[in-house]
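Those sequence lines, one after another, are chains A and B.
If you want my numbering, it's the 1-based position in the first sequence plus 10.
If you want my numbering, it's the 1-based position in the second sequence plus 178.
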Amino acid sequence: MQNNFFSINRMGMYLRKEISDNYKTYLLSIALMLALGVGIALFAFANLNQWEKEIKVSHILPVYIIFFTLFIGLDASRSFNALAKTERRMDFFLLPASKFEKVLGQYLITFIFVSVIFHCCAWVSFQTYQSLVVTYKQAVMIYDWDQVFPPKFTYGNYLQLMLGLHAAFFFGATFFYRFSFPKIFFCFLIFLFGIWFINIAITNALFGKALHDWYTNLPYFAIFTGNDRMHNFAYVVPEWLGRTNLFIAQFLLIPALWVLSYFRISDKEIQ
Amino acid sequence: MINIQSLKFSYKAGRPLFENLHLQLLPGHIYGLLGKNGAGKSTLLKQITGLLFPDAGKVEVFGEVAAQRNPSFLQDIFLVPEELYLPKVKINQYLATRACFYPKFDHQAFESYLREFEIPLNQYLPEMSYGQKKKFVISFALAANTRVVVMDEPTNGLDIPSKSTFRKLIAGSLTEEKCIIISTHQVRDLDNLIDSIVIIDNHRIIFREAVETVTDKLSFKVVPQLNPAETVLYADSNLRGHAIVTPNKHQEHSKIDMELLFNAVLSNRQSIQEIFN
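In structure tokens, the structure reads:
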């Protein structure tokens with residue numbers, strides 16, 4: 011009896027097919043990532059103040075964070091661009107692999123594969139920059155990671171955030187196949203603003219003029235009241251509720267988006 | 179093998195394409211699916227291959243629900259669509275990554291089909307013409323050895339020698355356990371190939387007969403002048419005279435003319451039904 015949900019052999023064949031079909035695009039993306047990373051390293055080196063002898067890693071990390079976030083969002087939004095054309099859609103759905111394998115395959119490529127490649131490129135870029143500044147400027151690197159990732163927001167938390175961002179764009183990719191990145195980004199903003207506006211309506215109805223300002227609230231977290239410095243007050247959710255909200259965001263929301271993405275792909279038809 | 183029961187389907191609410199459609203297709207046959215533009219031929223093929231889901235009723239292929247698109251179902255059915263997608267790779271690379279999904283794939287047969295169609299094995303797929311792509315996909319579909327092969331307008335884009343090669347290959351690949359469904363408007367290309375005819379019109383199957391039965395019950399001939407005493411189900415005038423379809427009362431042997439039959443079924447449905455019932 012054949013397993014119609016998951017087979018490691020079929021999964022391997024699917025990944026092999028995907029990589030073989032798109033290897034030129036992948037090679038181009040890797041080259042772009044590497045060129046961008048090394049280019050930034052060279053640009054930073056060229057613009058380095060000659061008196062600067064201590065280079066702090068915390069000054070480099072924001073560039074890493076921005077580009078990693080960008081690449082994760084970009085690649086996740088392209089997860090299902092094969093569905094943009096009817097012929098490719100047919101090819102995607104008629105390939106004898108299970109729906110789960112197809113969705114998981116896209117996930118592995120756009121998150122795991124992209125993350126690994128990005129970090130390799132980032133490492134090469136960092137090593138290039140470090141070699142240049144140490145050799146030609148006689149500078150030293152200061153590894154002050156904790157400035158960017160303090161104990162309350164660790165690198166693990168940041169990766170979790172990226173996982174969430176990927177899940178949101180992955181889910182969005184099941185709706186939009188062309189120009190998906192700007193479309194998903196726009197919808198994501200609308201969704202976030204929507205939550206905030208609903209919260210504004212509720213807080214204004216409940217607190218009225220007692221609010222510090224009509225918009226002063228953080229959905230699921232706090233409401234700020236009081237119009238002068240003496241009487242400012244923040245209603246913060248109790249710790250147990252805050253932790254519950256955090257748990258939902260960390261461990262339920264992301265898998266929920268994966269499951270929804272899976273079912274959206276499973277239910278797709280070809281008109 | 180293919181069992182469609184009470185199929186209901188519509189693209190838009192209130193405008194049904196299929197209403198209570200029933201169809202059973204058996205292995206060992208080559209079915210020709212005929213119908214006017216917009217009758218729903220491609221939609222029916224998509225229902226059979228699981229690309230569209232029924233609004234009501236069921237579509238089962240070798241006992242599996244087509245809409246579930248399970249790997250066990252997909253590895254035993256192959257669709258040659260009218261518009262093709264092929265990745266930007268060479269034939270051997272395509273073969274290396276796709277053939278493994280079809281357990282009964284016959285590499286030797288694939289190579290011989292390509293040779294018949296005069297396509298080199300190391301050809302780069304995007305550099306092929308539309309006709310060559312079609313021949314490549316047809317070769318792959320037949321070599322995949324799936325129990326069901328579904329083809330939507332397979333002869334579109336094929337040159338004249340390739341059409342005859344196509345007929346030869348299809349006829350040669352048919353086995354007792356294989357079912358081939360060909361949807362086409364180019365009926366003359368497949369006159370000698372199809373052994374069963376399915377005509378779809380007005381939301382349902384209006385005609386489903388074996389070619390043998392059709393030639394037993396109907397006579398296809400060209401006459402210089404129409405005889406008012408003779409029952410003519412359909413007549414088509416051309417330079418050679420009048421091509422006509424008549425009831426085969428005297429057990430005459432004639433060669434089926436699909437185009438004529440199709441027009442006769444659409445224009446004289448009642449009489450045709452009476453003859454076949």
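All C-beta atoms in this analysis are idealised placements derived from N, C-alpha and C, irrespective of residue type, glycine included.
Could you work out which residue in the options is closest to residue i when comparing CA atoms only?
i                            : options                                   : result
leucine 438 of chain B       : B/Phe256, B/Ile375, B/Glu430 and B/Arg382 : B/Ile375
lysine 356 of chain B        : B/Leu222, B/Glu305 and B/Arg325           : B/Arg325
leucine 105 of chain A       : A/Leu175, A/Lys63, A/Leu25 and A/Arg88    : A/Leu25
tryptophan 206 of chain A    : A/Tyr230, A/Leu221, A/Tyr165 and A/Tyr187 : A/Tyr230
glutamine 12 of chain A      : A/Asn57, A/Leu84 and A/Ala107             : A/Ala107
leucine 204 of chain B       : B/Leu320, B/Arg386, B/Ile450 and B/Asn441 : B/Arg386
phenylalanine 314 of chain B : B/Asn323, B/Leu299 and B/Glu430           : B/Leu299
alanine 349 of chain B       : B/His207, B/His200, B/Asn334 and B/Thr333 : B/His207
aspartate 233 of chain B     : B/Val258, B/Glu242 and B/Phe187           : B/Phe187
glycine 182 of chain A       : A/Phe234, A/Val246, A/Glu62 and A/Ser271  : A/Ser271
leucine 267 of chain A       : A/Val113, A/Phe136, A/Leu52 and A/Ser125  : A/Val113
glutamine 286 of chain B     : B/Leu444, B/Ala322, B/Gly210 and B/Ile384 : B/Ala322
phenylalanine 16 of chain A  : B/Pro249, B/Leu229 and B/Lys214           : B/Pro249
lysine 433 of chain B        : B/Phe196, B/Leu371, B/Ser445 and B/Thr362 : B/Leu371
threonine 79 of chain A      : A/Gly204, A/Arg188 and A/Gly174           : A/Gly174
glutamate 408 of chain B     : B/Asn426, B/Thr391 and B/Ile450           : B/Asn426
threonine 393 of chain B     : B/Asp373, B/Ala277, B/Gln448 and B/Asp379 : B/Asp373
phenylalanine 257 of chain A : A/Gln170, A/Phe103 and A/Thr226           : A/Gln170
proline 259 of chain B       : B/Glu430, B/Thr362, B/Asn198 and B/Ala442 : B/Thr362
leucine 257 of chain B       : B/Phe398, B/Phe454, B/Ala245 and B/Gly228 : B/Gly228
phenylalanine 90 of chain A  : A/Phe81, A/Gly115, A/Val67 and A/Trp224   : A/Gly115
lysine 346 of chain B        : B/Gly419, B/Ser290 and B/Gly216           : B/Ser290
leucine 44 of chain A        : A/Phe179, A/Phe234, A/Val124 and A/Val269 : A/Val124
proline 304 of chain B       : B/Ile269, B/Gln183 and B/Thr424           : B/Ile269
Assign residue i to buried or exposed, taking buried as 16 or more other Cβ atoms, counted over all protein chains shown, within 10 Å of its Cβ.
i                            : result
tyrosine 117 of chain A      : buried
leucine 411 of chain B       : buried
aspartate 367 of chain B     : buried
glutamine 253 of chain B     : buried
phenylalanine 253 of chain A : One point to set straight first is that residue 253 of chain A is arginine, not phenylalanine, in the sequence displayed. Exposed, because fewer than 16 other Cβ atoms sit within 10 Å of the Cβ of arginine 253 of chain A.
proline 406 of chain B       : exposed
valine 365 of chain B        : buried
glutamine 225 of chain B     : buried
phenylalanine 185 of chain A : exposed
serine 415 of chain B        : exposed
threonine 120 of chain A     : buried
arginine 193 of chain B      : exposed
glutamine 310 of chain B     : buried
glutamate 331 of chain B     : buried
aspartate 435 of chain B     : buried
arginine 20 of chain A       : buried
tyrosine 139 of chain A      : buried
threonine 353 of chain B     : exposed
alanine 56 of chain A        : exposed
Interface residues of chain A around residue i at Cβ under 8 Å?
i                        : result
tyrosine 189 of chain B  : Gln281
tyrosine 412 of chain B  : Result: empty, since nearest Cβ-Cβ is about 34 Å, beyond 8 Å.
threonine 227 of chain B : Leu104
tyrosine 280 of chain B  : Pro106
Going along chain A, which residues have a C-beta under 7 Å from residue i?
i                      : result
serine 250 of chain B  : Gln12 and Asn14
leucine 230 of chain B : Glu279 and Ile280
lysine 224 of chain B  : Ile280
Residue i versus chain B: which residues are under 7 Å apart at the beta carbon?
i                      : result
arginine 98 of chain A : Tyr263
arginine 20 of chain A : Pro249
lysine 162 of chain A  : Simply none; closest approach about 46 Å.
Chain B partners of residue i, CB-CB under 8 Å?
i                        : result
serine 108 of chain A    : Asn248 and Pro249
lysine 95 of chain A     : Tyr263
aspartate 101 of chain A : Tyr263
Between residue i and the ligand GTP, is the CB less than 7 Å from at least one heavy atom?
i                        : result
glutamine 225 of chain B : This structure lacks the ligand GTP, and indeed carries no ligand of any kind.
Problem - Contact set between the stretch 24-41 of chain A and chain B, restricted to residues whose Cβ is under 7 Å from the partner - result: Arg26, Lys27, Ser30, Asp31 and Lys34
Practice task
Using a Cβ-Cβ cut-off of less than 7 Å, give me the residues of the stretch 252-277 of chain B that come near chain A, in sequence order.
Solution key: Leu252, Gln253, Leu257, Pro259, Glu261, Leu262, Tyr263, Pro265, Lys266, Val267, Gln271, Thr275 and Arg276
Handout entry: Complete beta strand (DSSP E) runs within the stretch 93-163 of chain A (minimum length 3 residues, chain order)
Key = 150-152
Practice task
Could you tell me which uninterrupted alpha helix (DSSP H) segments, each at least 4 residues in length, are contained entirely in the stretch 265-339 of chain B, listed from first to last along the chain?
Solution key: 269-276, 285-294 and 308-321
Handout entry: alpha helix (DSSP H) runs contained entirely in the stretch 191-244 of chain B, provided each spans 4 or more residues
Key = 219-227
Handout entry: Segments assigned alpha helix (DSSP H), at least 4 residues, entirely inside the stretch 367-408 of chain B
Key = 389-395
Handout entry: Entirely enclosed beta strand (DSSP E) segments - the stretch 11-80 of chain A, minimum 3 residues
Key = 64-66
Practice task
For the stretch 288-314 of chain B, enumerate the residues whose C-beta is nearer than 8 Å to any C-beta of chain A, in chain order.
Solution key: none
Problem - beta strand (DSSP E) runs wholly inside the stretch 208-268 of chain A, at least 3 long, in chain order - result: 232-235 and 243-246
Problem - Residue ranges of each alpha helix (DSSP H) within the stretch 416-449 of chain B, 4 or longer - result: 436-445
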